[in-house]
Amino acid sequence: EECTAIGELEGKTGADVYCMDKCLVYQSDCPAHRCQCY
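Just so you know, we're using full-length UniProt numbering here: the sequence shown kicks off at 1 and counts up by one.
Quick look at the structure:
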(Lines of atoms letter the chains of each structure in order from A; the text may use other names.)
(Lines give C-alpha, C1' and ligand atoms only; values in the text may rest on other atoms or scores of the structure.)
Protein backbone atom coordinates (compact mmCIF):
# COMPACT_ATOMS: atom_id res chain seq x y z
CA GLU A 1 0.00 0.00 0.00
CA GLU A 2 1.17 3.50 -0.76
CA CYS A 3 -0.09 6.91 0.28
CA THR A 4 0.32 10.25 -1.43
CA ALA A 5 -0.56 13.77 -0.43
CA ILE A 6 -3.64 15.42 -1.92
CA GLY A 7 -5.46 18.70 -1.43
CA GLU A 8 -3.60 21.38 0.52
CA LEU A 9 -0.56 19.13 1.05
CA GLU A 10 -0.12 18.05 -2.56
CA GLY A 11 3.30 18.88 -3.96
CA LYS A 12 4.75 20.06 -0.65
CA THR A 13 8.12 18.78 0.47
CA GLY A 14 7.79 15.77 2.74
CA ALA A 15 4.02 15.56 2.36
CA ASP A 16 3.99 12.05 0.88
CA VAL A 17 6.26 10.86 3.70
CA TYR A 18 3.94 12.50 6.23
CA CYS A 19 1.00 10.61 4.74
CA MET A 20 2.81 7.29 4.82
CA ASP A 21 3.84 7.88 8.43
CA LYS A 22 0.26 8.73 9.40
CA CYS A 23 -1.60 6.15 7.33
CA LEU A 24 0.55 3.02 7.11
CA VAL A 25 0.77 2.34 10.84
CA TYR A 26 -1.30 0.41 13.35
CA GLN A 27 -3.98 2.71 14.82
CA SER A 28 -3.54 5.01 11.82
CA ASP A 29 -4.54 8.65 11.98
CA CYS A 30 -5.01 9.21 8.28
CA PRO A 31 -6.54 12.57 7.24
CA ALA A 32 -8.71 11.62 4.25
CA HIS A 33 -8.78 15.17 2.89
CA ARG A 34 -4.97 15.34 2.91
CA CYS A 35 -3.85 11.81 2.04
CA GLN A 36 -4.95 9.18 -0.45
CA CYS A 37 -3.90 5.56 -0.08
CA TYR A 38 -4.07 2.80 -2.64
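The beta carbon of each residue, even a glycine, is placed where N, CA and C say it ideally should be.
Exercise for the section: Write down the C-beta distance between E8 and Y38 rounded to the nearest angstrom, noting that I regard them as a contact closer than 8 Å. Expected result: Locating residue 8 in the sequence shown gives position 8, counting from the first residue. Locating residue 38 in the sequence shown gives position 38, counting from the first residue. That pair is no contact at about 19 Å.
Problem - Endpoints, alpha helix (DSSP H) assigned at residue 52 - result: Missing from the structure shown is residue 52; the chain here goes from 1 to 38 and no further.
Handout entry: Nonlocal neighbours in the same chain, by C-beta distance under 6 Å from C19, ignoring five residues either side
Key = The residue given as residue 19 occupies position 19 in the sequence shown. Closer than 6 Å at the Cβ level, and outside the excluded window around C19, lie C3, A5 and C35.
Exercise for the section: Give the range of the beta strand (DSSP E) segment to which Q36 is assigned. Expected result: For this step, residue 36 is matched to residue 36 along the sequence shown. Start and end: C35 to C37.
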